[in-house]
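Step one of this worksheet: look at the structure below.
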Amino acid sequence: MSPALPSPCPMNLTRLSAIFLLLPLVSMATNEPPGCKIRVTSKGLEMLRQETLKFVEEELENITIPDLQGKEGRFQYSIKDVKITELNLTHADLRFQPDLGLLFEVHNSSITLNFQRHILYWFFNDVGSINASAEGVNIHTALQLSRDVVGRLKISNISCDAAISKMRAKFSGTLGSPHERLSLHLSNSLFFQLRPRICPVLNHAGLVLMNSLLDTVPVRTPVDNYVGIDYSLLSDPEVTSASLDMDFRGMFFDRHNESDTIVNYAAMPVIREFDRMVYLALSEYFFDSGMYAYFQAGVFRMQIARDRVGMARGIATLSDGSSLATSRVPAVPRQPCGSVGERRAPPRGSRSAVKYKLTINIQHTLAIAPPPRLFQIALLIENKMNAKVSMKGKKLAIHMDLRRFRIYSNQSALESLALIPLQGPLKTLLQLVVVPIINDRTKKGVQIPLPEGMDFTEEVVQYHTGFITIGANLHFSKGLREVIEKNRPPPGPARAPHASPHPPPPHHAF
Numbered sequence: 001m002s003p004a005l006p007s008p009c010p011m012n013l014t015r016l017s018a019i020f021l022l023l024p025l026v027s028m029a030t031n032e033p034p035g036c037k038i039r040v041t042s043k044g045l046e047m048l049r050q051e052t053l054k055f056v057e058e059e060l061e062n063i064t065i066p067d068l069q070g071k072e073g074r075f076q077y078s079i080k081d082v083k084i085t086e087l088n089l090t091h092a093d094l095r096f097q098p099d100l101g102l103l104f105e106v107h108n109s110s111i112t113l114n115f116q117r118h119i120l121y122w123f124f125n126d127v128g129s130i131n132a133s134a135e136g137v138n139i140h141t142a143l144q145l146s147r148d149v150v151g152r153l154k155i156s157n158i159s160c161d162a163a164i165s166k167m168r169a170k171f172s173g174t175l176g177s178p179h180e181r182l183s184l185h186l187s188n189s190l191f192f193q194l195r196p197r198i199c200p201v202l203n204h205a206g207l208v209l210m211n212s213l214l215d216t217v218p219v220r221t222p223v224d225n226y227v228g229i230d231y232s233l234l235s236d237p238e239v240t241s242a243s244l245d246m247d248f249r250g251m252f253f254d255r256h257n258e259s260d261t262i263v264n265y266a267a268m269p270v271i272r273e274f275d276r277m278v279y280l281a282l283s284e285y286f287f288d289s290g291m292y293a294y295f296q297a298g299v300f301r302m303q304i305a306r307d308r309v310g311m312a313r314g315i316a317t318l319s320d321g322s323s324l325a326t327s328r329v330p331a332v333p334r335q336p337c338g339s340v341g342e343r344r345a346p347p348r349g350s351r352s353a354v355k356y357k358l359t360i361n362i363q364h365t366l367a368i369a370p371p372p373r374l375f376q377i378a379l380l381i382e383n384k385m386n387a388k389v390s391m392k393g394k395k396l397a398i399h400m401d402l403r404r405f406r407i408y409s410n411q412s413a414l415e416s417l418a419l420i421p422l423q424g425p426l427k428t429l430l431q432l433v434v435v436p437i438i439n440d441r442t443k444k445g446v447q448i449p450l451p452e453g454m455d456f457t458e459e460v461v462q463y464h465t466g467f468i469t470i471g472a473n474l475h476f477s478k479g480l481r482e483v484i485e486k487n488r489p490p491p492g493p494a495r496a497p498h499a500s501p502h503p504p505p506p507h508h509a510f
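For the record, in the sequence shown the residue sitting at position 258 is 258 according to the UniProt record's numbering, with numbers rising by one throughout.
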């Protein structure tokens with residue numbers, strides 16, 4: 001009879017169950033949904049191609065070829081001041097390379113050079129200039145795009161291959177036939193000098209200069225004195241043959257307590273269109289995290305003291321001289337009062353297919369002081385607001401408009417009835433004081449993650465359930481060369497890009 005198998009240990013079963021319960025949480029942590037998503041389409045890449053081609057031509061024109069000297073038969077020669085005078089990159093293409101990044105190719109193009117010659121042939125001394133041309137120039141460059149350690153989009157690797165089909169040198173002078181014999185030798189010398197210098201120039205242009213342009217994209221940056229925004233990439237960009245999609249965290253934070261944020265439970269923003277050059281999608285989390293950050297920073301705390309508010313004969317007068325027509329509070333007419341308003345929870349937004357709605361709950365205390373004692377009334381105010389989203393350049397702005405207002409007391413229904421006369425004046429107070437405070441923050445706008453010198457134009461905003469999308473075309477307010485020269489890294493030993501550690505992990509509020 002075989003021995004009985006040992007029964008499984010209850011402790012092991014408990015640990016195994018705990019592991020299976022934690023697996024979904026680990027999956028959620030590693031698959032954080034984006035608050036902001038950007039898609040660059042083939043149409044946008046075509047516009048980038050024009051700027052890229054101009055930039056590549058300028059870089060290739062800076063290729064330096066050393067002076068050459070030597071002897072070929074009875075010829076002794078030296079050439080110097082070799083310069084590229086013209087590039088004819090007529091067949092250039094920039095396109096998406098799926099699962100990699102970008103592919104830049106040049107086919108059947110030409111490069112024209114000029115240099116000074118000094119030739120000694122027997123007793124003849126020949127000095128002059130020579131024009132040479134490289135024909136059948138083909139360049140194949142693949143740029144790998146990825147997320148770096150701080151969440152910034154980077155060109156992480158470049159593979160390059162350059163080929164020249166034919167090199168010709170054209171002499172002008174009196175030696176005729178001897179020049180033709182020397183021409184083949186000089187053409188071969190220039191071929192072996194020019195071709196190996198093309199790829200190093202393009203590698204430097206991509207890994208150093210173009211990355212300095214990508215450094216101008218905001219990652220974790222202040223918005224104002226109260227809040228900042230985190231635009232770090234959550235993963236490497238997704239590249240298909242038709243688009244480049246990037247998922248950003250899109251999270252605002254309180255600058256005085258950066259780890260206090262809310263969890264992203266919003267729907268994943270989805271971009272289905274390809275008609276425009278670029279698309280921006282923003283989820284509810286983008287807006288809610290902004291309101292939460294301002295709420296935690298204390299921006300929405302407001303005190304209207306008795307020197308700002310007076311109630312007499314049904315008129316509430318503010319310190320700026322404006323007045324609000326009101327009804328007198330029952331049993332306390334012509335008495336001075338003060339009020340303190342504070343949101344008891346962060347504003348929450350919701351998006352439908354036609355508009356963006358914002359809900360703000362306020363704990364409002366109205367202090368009325370008829371001599372000789374002071375008493376307070378606790379109010380709960382619920383506001384429903386519509387928001388209009390707009391773009392200007394690369395700034396996203398929001399304008400709020402109060403649509404629904406409700407005031408009540410959580411103490412008793414009788415108090416709620418007594419507060420009905422305050423409905424009108426407090427709504428007007430919110431329209432003149434609270435809403436302008438919000439709009440003053442949101443009208444300044446927040447920059448979206450675009451490089452310097454690149455703006456949105458002809459944008460169209462569409463509202464979807466749980467997110468909004470903005471389709472637009474791109475406009476270069478500055479050329480690539482201007483932006484790169486402004487942000488060109490200083491000369492010196494190569495620095496490890498962005499070796500700074502991640503910011504501290506956020507402590508989410510539920």
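Glycine is no exception: its CB is placed at the ideal position from the N, C-alpha and C atoms.
Thinking residue i and residue j are a contact (beta carbons under 8 Å), I'd like their distance in whole angstroms, please.
i, j, result
"residue 39", "residue 94", "Contact flag wrong, Cβ pair sits at about 17 Å."
"residue 168", "residue 205", "With 8 Å as the limit, residue 168 and residue 205 do not qualify as a contact, their Cβ atoms being about 27 Å apart."
"residue 247", "residue 235", "6 Å"
"residue 79", "residue 115", "5 Å"
"residue 136", "residue 165", "3 Å"
"residue 459", "residue 400", "That pair is no contact at about 20 Å."
"residue 288", "residue 253", "Residue 288 to residue 253, Cβ: 13 Å. No contact."
"residue 277", "residue 112", "Not confirmed; about 34 Å, so no contact."
"residue 266", "residue 466", "6 Å"
"residue 562", "residue 479", "Because the chain here runs from 1 to 510, residue 562 falls outside it and cannot be looked at."
Give the DSSP-derived three-state secondary structure of residue i in the structure shown.
i, result
"residue 248", "strand"
"residue 138", "strand"
"residue 307", "For residue 307, the predicted model reports a pLDDT of 46, less than 50, meaning its position is unreliable; a value from the coordinates is still stated below. Coil, per DSSP."
"residue 240", "coil"
"residue 403", "strand"
"residue 38", "strand"
"residue 146", "strand"
"residue 231", "coil"
"residue 275", "coil"
"residue 375", "In this prediction, residue 375 has a pLDDT of 47, which is less than 50 and means its spatial position is unreliable; nothing more can be read from the coordinates."
"residue 219", "coil"
"residue 164", "strand"
"residue 104", "strand"
"residue 411", "coil"
"residue 32", "coil"
"residue 265", "coil"
"residue 256", "coil"
"residue 95", "strand"
"residue 90", "coil"
"residue 77", "strand"
"residue 316", "Only weak support is given to the placement of residue 316: the predicted model assigns it a pLDDT of 36, under 50, and the question is left unresolved by the model."
Excluding the 5 residues flanking residue i on each side, which residues of the same chain have their C-beta closer than 6 Å to its C-beta?
i, result
"residue 161", "140"
"residue 202", "141 and 160"
"residue 23", "Bear in mind that a pLDDT of 45 at residue 23, under 50, signals an unreliable position, so the model cannot answer this."
"residue 163", "138"
"residue 372", "Because residue 372 carries a pLDDT of 49, less than 50, the predicted location of this residue cannot be relied on, and no value is offered for it."
"residue 238", "245"
By Cβ distance, which residues of its chain are closer than 7 Å to residue i, with the 5 residues on each side in sequence left out?
i, result
"residue 214", "152, 153, 154 and 451"
"residue 207", "155 and 158"
"residue 57", "87 and 89"
"residue 107", "91 and 138"
"residue 217", "152, 153, 449, 450 and 451"
Just to confirm, are residue i and residue j a CB contact at a threshold of 7 Å?
i, j, result
"residue 144", "residue 101", "yes"
"residue 419", "residue 407", "yes"
"residue 285", "residue 469", "no"
"residue 241", "residue 104", "no"
"residue 290", "residue 36", "no"
"residue 264", "residue 33", "yes"
"residue 440", "residue 394", "no"
"residue 403", "residue 386", "yes"
"residue 92", "residue 45", "no"
"residue 130", "residue 77", "no"
"residue 147", "residue 233", "yes"
"residue 442", "residue 398", "yes"
"residue 61", "residue 84", "yes"
Query raised in the report: Using 8 Å as the threshold, is the region 473-482 in touch with the region 283-294, meaning 3 or more CB pairs across them?
Result: no
Query raised in the report: Any contact of the region 185-198 with the region 216-235, i.e. 3+ C-beta pairs under 8 Å?
Result: no
Query raised in the report: Given 8 Å as the limit, is there contact between the region 475-485 and the region 422-437, that is, 3 or more CB pairs closer than that?
Result: no
Query raised in the report: Should the region 443-450 be called in touch with the region 268-277, which here means at least 3 C-beta pairs below 8 Å?
Result: no
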